[in-house]
Amino acid sequence: MSTVRLEKKNQVGIITIDSPPVNALNKEVFNSLEEAILQVDETISVIVIHGAGTKAFVAGADIKEFPELTPEEGEKLCLRGQSVFNRLSDLGQPVIAAIDGFALGGGLELALACDIRLATSNSTFGLPEVKLGIIPGYGATQRLPRLIGRGKAMKMIFSGEFLSADEALRCGLIEEVVEGDVMDKAMELAAVIASRGPIAVQKAKEAVTKGMEMPLAEGQKLEAKLFADICMTQDKNEGVTAFFEKRRPEFIGK
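Under our numbering, the first residue of the sequence shown carries the number 12, and numbering increases by one thereafter.
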């Protein structure tokens, strides 16, 4: 059985990382994750990604692969991980991380590549790489400061200390602490998003993600351009008509 599975329920794609005991990110998992991402097509409106079991979302990279790394191999390892996570973050569809248990090192970097992060109250977050004499290499030094701010990110990275779910919520690392089954909550949210205009959702994601890398004025121009693109769609006409007719819109993604 593959260490990573993609299943589809209605319009929601569910990516499950299943690599016992802690869903570590070894080469096989990275390859399987990339294959799963490449299988995402236009019939899927939202992605939910989670780790099998309740011990770990993903506990990090497979440290057994580290001892013999040369500088060249180390750089190659990082670029490979960054490439897979970038492929995930570049999906047009929103990606929700459903976190239950440890999200450490590469596991947290995977969560950072998602758009929305939900977690159970017993989840733990951290970037412990400095405890091994290395640094995060799958994007955390770049994504984390953009998410929670430079100072908070540096504190996490420099100290290697772990955060509880409540602490992660307070600093903006996650969006919600869930009591009960986080997959139920993630699927509930995914269903809400999937019921909206799929083109509108994807254009909104593009506006936010690309706009955050631009000056405000340039981001606003991008927003206006994407809004203009939507004005040509059947979904826009359906949404407006349904509003006036006081009925639920039936979007077709065109």
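Using N, Cα and C, we set each Cβ at its ideal position, and we do this for glycine too.
This structure is a prediction, so every number in the text was calculated from the model and none was measured.
Taking the alpha-carbon of residue i as reference, which of the options has the nearest alpha-carbon?
i	options	result
glutamate 187	Asp126, Ser170, Glu229	Asp126
isoleucine 28	Lys257, Val57, Val69, Ala201	Val69
glutamate 18	Leu36, Glu39, Leu44, Pro32	Leu44
lysine 221	Pro209, Lys236, Gly208, Arg207	Lys236
glycine 103	Leu180, Gly250, Pro139, Val51	Val51
valine 212	Lys163, Ala176, Gly71, Asp246	Asp246
proline 156	Pro105, Glu224, Ala72, Arg259	Glu224
threonine 152	Glu84, Cys89, Gly230, Ile204	Cys89
glycine 85	Asn21, Pro147, Arg259	Pro147
glycine 137	Asn97, Arg98, Lys166	Lys166
leucine 36	Pro82, Val95, Ile55, Leu80	Val95
methionine 194	Ile60, Gly230, Ala228, Gly162	Ile60
glutamate 76	Glu39, Ala228, Thr54, Leu184	Glu39
arginine 154	Glu178, Gly208, Leu129, Gln93	Gln93
alanine 67	Gly183, Asn133, Gly160	Asn133
proline 139	Gly171, Arg128, Ile145, Arg258	Gly171
asparagine 97	Ile145, Phe41, Phe255	Phe41
proline 82	Leu49, Ser56, Ile145, Asp101	Ile145
Taking 9 Å as the threshold (C-beta atoms), are residue j and residue i in contact?
i	j	result
glycine 112	glycine 62	yes
phenylalanine 169	valine 141	yes
threonine 135	leucine 158	no
alanine 47	isoleucine 26	yes
leucine 233	alanine 218	yes
alanine 108	leucine 121	yes
alanine 201	valine 23	yes
proline 31	glycine 64	yes
glycine 150	alanine 124	yes
isoleucine 241	isoleucine 210	yes
alanine 239	asparagine 21	no
serine 189	threonine 131	Sequence check: residue 189 is valine here, not serine. Their beta carbons are under 9 Å apart, which means valine 189 touches threonine 131 by this criterion.
glycine 183	proline 260	no
lysine 11	leucine 119	Because the chain here runs from 12 to 265, residue 11 falls outside it and cannot be looked at.
I need the boundaries of the beta strand (DSSP E) containing residue i, first residue and last residue.
i	result
leucine 143	Counting along the chain, leucine 143 falls outside any beta strand (DSSP E), and DSSP gives it neither H nor E.
phenylalanine 169	No beta strand (DSSP E) holds phenylalanine 169; the alpha helix (DSSP H) holding it covers 161 to 170.
alanine 109	106 to 110
valine 188	187 to 189
Around the Cβ of residue i, are there at least 16 other Cβ atoms within 10 angstroms (buried) or fewer (exposed)?
i	result
asparagine 34	buried
methionine 198	buried
alanine 164	buried
isoleucine 58	buried
glutamate 143	Just to set this straight, residue 143 is leucine in the shown sequence, not glutamate. The residue is exposed, with fewer than 16 neighbouring Cβ atoms inside 10 Å.
threonine 244	buried
threonine 252	exposed
glycine 191	exposed
arginine 161	exposed
proline 105	buried
leucine 99	buried
At which residues does the alpha helix (DSSP H) containing residue i begin and terminate?
i	result
glutamate 86	82 to 100
lysine 221	209 to 222
alanine 239	227 to 241
isoleucine 58	Careful: isoleucine 58 lies outside any alpha helix (DSSP H), inside the beta strand (DSSP E) at 57 to 62.
glutamate 45	38 to 49
valine 193	193 to 205
Return the bridge partner residues of residue i from the DSSP annotation.
i	result
arginine 128	Ala108
arginine 16	Thr27
serine 175	Thr135
phenylalanine 113	Ala67, Thr135
alanine 253	Alanine 253 is not bridged to any residue.
alanine 72	Leu36
If you measure from the beta carbon of residue i to each beta carbon in chain D, is any gap under 9 Å?
i	result
aspartate 111	Any reference to chain D falls outside this structure, which holds one protein chain only.
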